[in-house]
């Protein structure tokens, strides 16, 4: 195997555990994340959005990103 393409965070752990590997500087894709739910379930949609708004407002999302997805 000459090359693999995986998400950055798992790649860091894999490279750290396997001598002779490196992560290239080239970024091939930027991915967004989503939550899937039935478009007919307005109650769930509203609850999920309210929870996300609360997590953003109180800094929880920022703390998670800084801890697990640090900027390079």
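In the working numbering, the protein residues as written are 13 to 84.
A virtual CB, placed ideally from N, CA and C, is assigned to each residue, including glycine.
query: Taking the straight line between their C-alpha atoms, what separation do you get for residue 21 and residue 81?; result: 7 Å
query: Out of 74, 78, 18, state which residue places its alpha-carbon closest to the alpha-carbon of residue 41.; result: 18
query: Determine, using beta carbons only, whether residue 73 and residue 67 come nearer to each other than 8 Å.; result: yes
query: Put residue 42 into one of helix, strand or coil per three-state DSSP.; result: coil
query: Candidates 14, 70, 54, 57: which alpha carbon is nearest residue 32's?; result: 14
query: Taking Cβ positions, are residue 35 and residue 23 nearer each other than 8 Å?; result: yes
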